[in-house]
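Working notes, structure below.
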Amino acid sequence: MAGIFAYAVIFLITVVLYRLLRREKKESQGRAEAELPPGSMGWPYIGETLQLYSQDPNVFFAAKQKRYGEIFKTHILGCPSVMLASPEAARFVLVTQAHLFKPTYPKSKERLVGPAALFFHQGDYHTRLRKLVQASLSIETIRNLVADIDALAASALDSWDGGRVINTFHEMKKFSFEVGILLIFGRLEARYREELKKNYFIVDRGYNSFPTNVPGTPYKKALLARKRLSKILSDIICERKEKRLLEKDLLGCLLNYKDEKGEVLTYDQIADNIIGTLFAAQDTTASVMTWIVKYLHDNPKLQEAVKAEQKAIRRLNEEGNQPLSWSQTRNMPVTYKAVLETLRMASIISFTFREAVADVEYKGYLIPKGWKVMPLFRNIHHNPEFFTDPQKFDPSRFEVAPKRNTFMPFGSGVHACPGNELAKQEMLIMTHHLVSKFRWEVVGSRSGSQYGPFPVPLQGLPTRYWKESTR
Ligand code: HEM
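Read in order, the letters of the sequence shown correspond to residues 1 to 471 in UniProt numbering.
Quick look at the structure:
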């Protein structure tokens, strides 16, 4: 019996290998002369997925770059992929030849966010939606949001006071969620905000779980919560239409849109882009803010300098009786450099995914149609050629602007982050309140990251916070 089983397994493996070889041969016929980049495709089907996930992904990428150079091939998560670790290559994919590379996400994630969200698209639809999202994130809008963000940051920090252990990342997520709501809906009724928050956090929990329709699993719960979110959004939209409110927030921009033929956006298009923007805005900003707390904690001299800058502003604002002004947020040079260095060091978006829509040649190498293409932002941000002593947290390096295309925490090209100014504003305002009023102590394990999927300090950086005057 065991013998028959062994023969069956050998037979199956032979058939699979034969088919793979034939497919590879077929695919390579008729292609340009260019060769595939160097690298290893690992095992059939699983490729190098295990190697990638059994260690820190950044170590995997860095080791590959060391071995093969700025462009290499691999096979991860069931996809043949080409990884690119130089500024020129990232620019090629994201900017100059962006039309040859489309965004690509797993279908299970698209279902949760909503397939009409702009970042899943390319071409006319993407351009149209992007203009609307950008309009809601204009400098003018952000300027008008400063007082509200200021109040949200102050109230978030007040709730951490007292020395309890706080999961910094979780609390930062609550704060960035509130800012996202503000951007999208302006001042929203509390009952809607609470309902959105409850369901959004269920979707968020299911986003990185195994996608299955089995009832009771986090993914299935997330799908159900996503349905409820659509219903809440449609209630908000109906109410706004009834009241004929013409707001300039993101919902207003999406509702007021008409194309040249007078067509408006569908409910689904509006809902998917609202949830999509919340998704893009929340974890990203919260992760970076958590790293700011950590780096300031670990670098006491820098913390003192940032404190001095922010306390001077607080004194001008009558010890916080006046809110921060827009011009004050634009004039925080020490804090701003610390934010930039945090974006570089943490590189929370280590890379992005695209898919080649045709066979593409880059520097004599072939990137075959259908392969995934991944510009590796973190490798670029941690390359000593562009950032001296890259593992050192040193905000003063930003006294000189980085070389072109070497600093891309917000991506580059047609899909570059439209929320970057808002994100920076949130980080500056949060830091202002943190350092000018609080002291904090990180609890427990001090180094290391966890991925979810963005890197955050271990366990979300458990920390005790105290108002300075009470200690
Ligand atoms: C520190 C915080 C943030 C970081 C590091 C960040 C980073 C990025 C990056 C790297 C991309 C490009 C991804 C790609 O090319 O595949 C992106 C896209 C995007 N971001 Fe952000 N982001 C942040 C905060 C925000 C905020 C606050 C918002 C909105 C309020 C936002 C909205 C978006 C949207 C809508 C896209 C998709 C743009 C498109 O496809 O055209 N992001 N972000």
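The C-beta atom is built at its ideal place from N, Cα and C for all residues, glycine as well.
Same chain, Cβ closer than 7 Å to residue 406, five either side skipped, listed in chain order: For the purposes of this step, residue 406 is taken as the residue at position 406 of the sequence shown. Only 87, 380, 386 meet the Cβ criterion.
Residue 466 - DSSP class collapsed to helix/strand/coil: The sequence position of residue 466 within the sequence shown is 466, counting from 1. Of the three classes helix, strand and coil, the one that applies to residue 466 here is strand, per DSSP.
Cα-Cα separation between residue 160 and residue 66, rounded to whole angstroms: The residue you call residue 160 lines up with position 160 of the sequence shown. The residue you call residue 66 lines up with position 66 of the sequence shown. Spanning the two alpha carbons is a distance of roughly 43 Å.
Three-state secondary structure (DSSP) of residue 84: By 1-based counting over the sequence shown, the position of residue 84 is 84. Strand.
Rounded separation between residue 170 and residue 210 - CA only: Working through the sequence shown from its first residue, we reach residue 170 at position 170. Working through the sequence shown from its first residue, we reach residue 210 at position 210. Their backbone Cα atoms lie some 22 Å apart in a straight line.
Bridge partner(s) assigned by DSSP for residue 450: If you number the sequence shown from 1, residue 450 lands on position 450. DSSP output for residue 450 lists 456 as bridge partner(s).
Residue 460 to residue 81 span [Cα, whole Å]: For the purposes of this step, residue 460 is taken as the residue at position 460 of the sequence shown. For the purposes of this step, residue 81 is taken as the residue at position 81 of the sequence shown. Distance between the alpha carbons of residue 460 and residue 81 is about 31 Å.
Contacts around residue 177, its chain only, beta-carbon distance under 6 Å, and the 5 residues preceding and following it disregarded: Taking the first residue of the sequence shown as 1, we reach residue 177 at position 177. Here the set comprises 282.
Cβ-heavy atom distance, residue 477 to the ligand HEM, below 7 Å: There is no way to answer for residue 477, as the model of the chain reaches only from 1 to 471.
Presumed contact (8 Å Cβ cut-off) between residue 432 and residue 322, rounded CB distance: Residue numbering aside, residue 432 sits at position 432 when the sequence shown is read from its first letter. Residue numbering aside, residue 322 sits at position 322 when the sequence shown is read from its first letter. Contact flag wrong, Cβ pair sits at about 13 Å.
Residue span of the alpha helix (DSSP H) that contains residue 423, given as start and end: Taking the sequence shown and counting its residues from 1, the one referred to as residue 423 is at position 423. Residues 420 to 437.
Any non-hydrogen atom of the ligand NAD within 7 Å of residue 253 CB: Judged by which ligands are present, the ligand NAD is missing from the structure shown, whose ligands are the ligand HEM.
The segment 440 to 452 / the segment 291 to 310 touching (three or more Cβ pairs under 8 Å): yes
Residue 374 - partner residues in DSSP beta bridges: Residue numbering aside, residue 374 sits at position 374 when the sequence shown is read from its first letter. DSSP lists 83 as partners of residue 374.
DSSP three-state assignment for residue 99, whether helix, strand or coil: If you number the sequence shown from 1, residue 99 lands on position 99. It is helical.
Residue 349 CB to nearest heavy atom of the ligand HEM below 7 Å: Here residue 349 refers to the residue found at position 349 of the sequence shown. Yes.
Bridge-paired residues (DSSP) for residue 366: Locating residue 366 in the sequence shown gives position 366, counting from the first residue. Answer by DSSP bridge pairing, in chain order: 361.
Coil, strand or helix - residue 264 by DSSP: The sequence position of residue 264 within the sequence shown is 264, counting from 1. Here residue 264 sits in coil by DSSP.
Nonlocal neighbours in the same chain, by C-beta distance under 7 Å from residue 47, ignoring five residues either side: What you label residue 47 is simply residue 47 of the sequence shown in a count that begins at 1. Result list for residue 47: 41, 74, 75, 76, in chain order.
Cβ pair residue 118, residue 252 closer than 8 Å: As a working mapping, residue 118 is identified with position 118 in the sequence shown. As a working mapping, residue 252 is identified with position 252 in the sequence shown. No, they are not a contact pair.
Of the listed residues 186, 227, 184, 268, nearest to residue 203 (C-alpha basis): To locate residue 203, count along the sequence shown from 1; it is residue 203. Of 186, 227, 184, 268, the residue nearest in Cα terms is 227.
Residue 455 versus residue 244 - alpha carbon distance: As a working note, residue 455 is residue 455 in the sequence shown. As a working note, residue 244 is residue 244 in the sequence shown. Cα to Cα, residue 455 sits roughly 43 Å from residue 244.
For residue 386, the first and last residue of its enclosing alpha helix (DSSP H): Within the sequence shown, residue 386 is the residue found at index 386, counting from 1. Looking at the DSSP string, residue 386 is not in any alpha helix (DSSP H), and its letter there is neither H nor E.
Residues near residue 320 by beta carbon distance below 7 Å, same chain, minus five either side: Residue numbering aside, residue 320 sits at position 320 when the sequence shown is read from its first letter. The answer, listed in chain order, is 314.
Residue 139 in three-state terms, based on DSSP: As a working note, residue 139 is residue 139 in the sequence shown. Three-state result, residue 139: helix.
Where residue 461 sits in the DSSP three-state scheme: Position 461 of the sequence shown holds residue 461. Looking at residue 461 - three-state DSSP - the assignment turns out to be coil, as it is neither helix nor strand.
Same chain only: Cβ atoms within 8 Å of residue 448, ignoring 5 sequence neighbours per side: To locate residue 448, count along the sequence shown from 1; it is residue 448. Contacts found: 457, 458.
DSSP-derived helix/strand/coil call for residue 317: Position 317 of the sequence shown holds residue 317. Reduced to three states, the DSSP call for residue 317 is coil.
First and last residue of the uninterrupted beta strand (DSSP E) at residue 167: Counting from one through the sequence shown, the residue named residue 167 turns up at place 167. Its beta strand (DSSP E) spans residues 165 to 167.
Straight-line gap, residue 179 to residue 149 (C-alpha atoms, nearest Å): For the purposes of this step, residue 179 is identified with residue 179 of the sequence shown, where counting begins at 1. For the purposes of this step, residue 149 is identified with residue 149 of the sequence shown, where counting begins at 1. Computed Cα separation, rounded: 7 Å.
Cβ-Cβ distance between residue 475 and residue 152 below 8 Å: The structure shown has nothing for residue 475, since the chain only spans 1 to 471.
Residue 104, DSSP secondary structure in three states: If you number the sequence shown from 1, residue 104 lands on position 104. Here residue 104 sits in coil by DSSP.
Between the CA atoms of residue 340 and residue 256 - distance to the nearest angstrom: Taking the sequence shown and counting its residues from 1, the one referred to as residue 256 is at position 256. Taking the sequence shown and counting its residues from 1, the one referred to as residue 340 is at position 340. Rounded to whole angstroms, residue 256 to residue 340 spans 35 Å at the Cα level.
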